[in-house]
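Colleague: I have a structure I would like to understand better, so I am pasting it below and will then ask my questions one at a time.
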Amino acid sequence: MNSTSALNSAAKPDIHICEVGPRDGLQSIARTMPTEDKKRWLTALHAAGLREIEVTSFVPAKLMPQLADAAEIVAHALTLPGLQVVALVPNLKGAEAAMKAGAHKITLPCSASEAHSKANVRMTREQMVENVRNIVALRNEIAPKVQIEAGISVAFGCTLQGIVPEDDVISLLSDVIAAGADETGLADTTGMANPAQVRRLFRRAFAAVGKDKVGAAHMHNTRGLGIANCLAAYEEGIRAFDSSLAGLGGCPHAPGASGNVVTEDLVLMFEAMGLRTGIDIAKLILAREPLKTGLPGEPLYGMTAEAGLPLGFSYA
Ligand code: ZN
């Protein structure tokens, strides 16, 4: 690697990327990746420069056997220096388990659509806000340093109810912050967002709770608009993004549906625009190996891994 292409990892990144493949990706694949391969995968993601990873989800093993090794995965992630270890939790019991396992941050998905909320966590939106309040109280008592993010899922559309009114999204977002969450964010869980909608909704979110309370844009690439939606959120002022290596994910009931926006492509876009991510694309591509070993034959998405870096590319 010559000096013009070397990653500038010393400076503070302009863009913060949270890798969510080990949670969002693995939960949407019916097969289970062996625990040892998951650990190798996390190590490789960290080696590529990722400093925040959503490593697992504390949900009943009965419902999601793919993530039954949650506590062991968190324990491994905690050995990786400087890594912010994030776990998703649906309820108080999961939150307690995640805090006891040592997660630095927990993320609670709160559905803006009543239909999705009931299907996903079997709670109404009001019950979910109450859930946030209870989890904040527990955190204050047993793990005061743990950060709590209450992200708004299906914020841009819902496969069950279709259009989700923007007023519903903004009122839920305001309610979770009022309930004590440290930050919130907007998630296009179903890959239905478009860039104009992304700009409008983030602008409204900033106005409702203040820019410092709005964390990441969480975009899915179901219809190929994931990257465009991330750029729209960037232009509106968002600097934190969730993405998944190789766009891992999909839906067992929708053949061909891909997962989150692809980490490799997202890093390439920002670095090519002159914005530092702190992430090495060649090492990201190497981090696909444990994924291939652990889930043989699983489709991997992303154009950068196929095409390679453009001639003359240099890191920001
Ligand atoms: Zn997602």
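When the sequence shown is numbered by numbering that gives the first Met the number 0, its final residue is 315 and no position is left out of the sequence of numbers.
Don't be surprised by glycine CBs; every beta carbon is placed ideally from N, CA and C.
Do P298 and W40 come within 8 Å of each other at the CB atom, strictly closer than that value?
Modeller: As a working mapping, residue 40 is identified with position 41 in the sequence shown. As a working mapping, residue 298 is identified with position 299 in the sequence shown. It is not a contact, given that the beta carbons lie outside the stated cut-off.
Colleague: Would you say G190 and K210 are within 8 Å of each other, going by their C-beta atoms?
Modeller: For the purposes of this step, residue 190 is taken as the residue at position 191 of the sequence shown. For the purposes of this step, residue 210 is taken as the residue at position 211 of the sequence shown. No; because the gap between Cβ atoms is not below 8 Å, this pair is not in contact.
Colleague: Do you know whose CA, among E148, E140, I52, lies nearest K212's CA?
Modeller: Position 213 of the sequence shown holds residue 212. Closest by alpha carbon: E148.
Colleague: Could you give the DSSP three-state label for N1: helix, strand or coil?
Modeller: As a first step, residue 1 is located in the sequence shown; it is residue number 2 there, counting from the start. Caution applies to N1, whose pLDDT of 41 falls short of 50 and renders its modelled position unreliable; the value that the coordinates give is listed next. DSSP places N1 in coil when its eight states are reduced to three.
Colleague: Going by C-alpha distance, which of A245, M98, G293, K291 is nearest I280?
Modeller: On the sequence shown, residue 280 is found 281 positions in, with the first residue counted as 1. With distances taken between Cα atoms, I280 lies closest to A245.
Colleague: Assign E263 to buried or exposed, taking buried as 16 or more other Cβ atoms, counted over all protein chains shown, within 10 Å of its Cβ.
Modeller: Stepping through the sequence shown from its first residue, residue 263 is reached at position 264. That one is buried.
Colleague: Does the Cβ of A47 have 16 or more other Cβ atoms within 10 Å, making it buried, or fewer, making it exposed?
Modeller: Residue mapping note: residue 47 aligns to position 48 of the sequence shown, counting from 1. With 16 or more Cβ atoms within 10 Å of its Cβ, A47 is classed as buried.
Colleague: Fully enclosed by the stretch 66-132, which alpha helix (DSSP H) runs are 4 residues long or longer?
Modeller: Listed in chain order, they are 69-76, 91-100, 113-120.
Colleague: Under the rule that 16 or more other beta-carbon atoms within 10 Å means buried, what is Q65, buried or exposed?
Modeller: Residue 65 sits at position 66 when you count from the first residue of the sequence shown. Buried, by the Cβ-count rule.
Colleague: If you reduce the DSSP assignment to three classes, tell me which class D279 lands in.
Modeller: Numbered from its first residue, the sequence shown carries residue 279 at position 280. Three-state DSSP puts D279 in coil, outside helix and strand.
Colleague: Does the stretch 160-175 come close enough to the stretch 226-234 that 3 or more CB-CB pairs lie under 8 Å?
Modeller: They do not touch, by the three-pair rule.
Colleague: For ligand 1, which residues count as neighbours when the test is a C-beta closer than 6 Å to any heavy atom?
Modeller: This selection yields D23, A186, T188, H217, H219, N259.
Colleague: For the beta strand (DSSP E) holding V54, just list the boundary residues, first then last.
Modeller: Translated into positions along the sequence shown, residue 54 becomes position 55. Where V54 is concerned, the enclosing beta strand (DSSP E) stretches over 51-56.
Colleague: What do you get for N1, buried or exposed, if any count of 16 or more other CB atoms within 10 angstroms of its CB means buried?
Modeller: Residue mapping note: residue 1 aligns to position 2 of the sequence shown, counting from 1. Reliability fails at N1, whose pLDDT of 41 lies under 50, so the model's placement of it is uncertain and the value that follows must be treated cautiously. So N1 counts as exposed.
Colleague: So, helix, strand or coil for L161, using DSSP?
Modeller: Here the question's residue 161 lines up with position 162 in the sequence shown. A quick correction: the sequence has Gly, not Leu, at residue 161. It is a strand residue.
Colleague: Taking C-alpha atoms, which residue in A5, D36, A286, N259 lies nearest to L294?
Modeller: Against the sequence shown, residue 294 aligns to sequence position 295. For L294, the nearest C-alpha among the options comes from D36.
Colleague: To the nearest angstrom, how far is it from the Cα of V19 to the Cα of V54?
Modeller: Position 20 of the sequence shown, counted from the first residue, corresponds to residue 19. Position 55 of the sequence shown, counted from the first residue, corresponds to residue 54. Going by the C-alpha atoms only, they are around 7 Å apart.
Colleague: Measure the C-alpha to C-alpha separation of T3 and E113 and round it to an integer number of angstroms.
Modeller: In the sequence shown, residue 3 corresponds to position 4, counting from 1. In the sequence shown, residue 113 corresponds to position 114, counting from 1. Caution is warranted here: a pLDDT of 44 is assigned to T3, below 50, making its placement in the model unreliable, and the coordinate value is therefore given only provisionally. Their backbone Cα atoms lie some 51 Å apart in a straight line.
Colleague: Quick check on I141: buried or exposed, where buried means 16 or more other Cβ atoms within 10 Å of its Cβ?
Modeller: Taking the first residue of the sequence shown as 1, we reach residue 141 at position 142. Exposed: under 16 other Cβ atoms inside 10 Å.
Colleague: Closest to R30 by CA distance: which of M63, S313, G311 is it?
Modeller: By 1-based counting over the sequence shown, the position of residue 30 is 31. Ranking the options by Cα distance to R30, first place goes to M63.
Colleague: Going by the CB atoms, is the gap between S243 and G258 shorter than 8 Å?
Modeller: Sequence index remark: in the sequence shown, residue 258 carries index 259 (1-based). Sequence index remark: in the sequence shown, residue 243 carries index 244 (1-based). Taking 8 Å as the Cβ cut-off, G258 and S243 qualify as a contacting pair.
Colleague: Which residue comes first and which comes last in the beta strand (DSSP E) that contains H217?
Modeller: By 1-based counting over the sequence shown, the position of residue 217 is 218. Counting along the chain, the beta strand (DSSP E) containing H217 begins and ends at 213-218.
Colleague: Thinking C-alpha only, which one of A192, K144, G249 is nearest E165?
Modeller: To locate residue 165, count along the sequence shown from 1; it is residue 166. Nearest C-alpha to E165: A192.
Colleague: Kindly indicate which three-state DSSP category S27 falls into: helix, strand or coil?
Modeller: As a position in the sequence shown, residue 27 is number 28, starting the count at 1. Note: S27 maps to coil in three-state DSSP.
Colleague: Does N220 pass the burial test, meaning 16 or more other C-beta atoms within 10 Å, or should it be called exposed?
Modeller: One-based indexing of the sequence shown puts residue 220 at position 221. Buried, since its Cβ has 16 or more Cβ neighbours within 10 Å.
Colleague: Does the Cβ of A70 lie closer than 7 Å to at least one heavy atom of ligand 2?
Modeller: Ligand 2 is not part of the structure shown, which contains ligand 1 as its ligands.
Colleague: Can H217 and G311 be called in contact, C-beta distance under 8 Å?
Modeller: To locate residue 217, count along the sequence shown from 1; it is residue 218. To locate residue 311, count along the sequence shown from 1; it is residue 312. Cβ distance not < 8 Å, so H217 and G311 don't count as in contact.
Colleague: As a quick exercise: from A111, G101, G161, pick the residue whose alpha carbon is nearest that of P143.
Modeller: Here residue 143 refers to the residue found at position 144 of the sequence shown. Minimum Cα distance to P143 is reached at G101.
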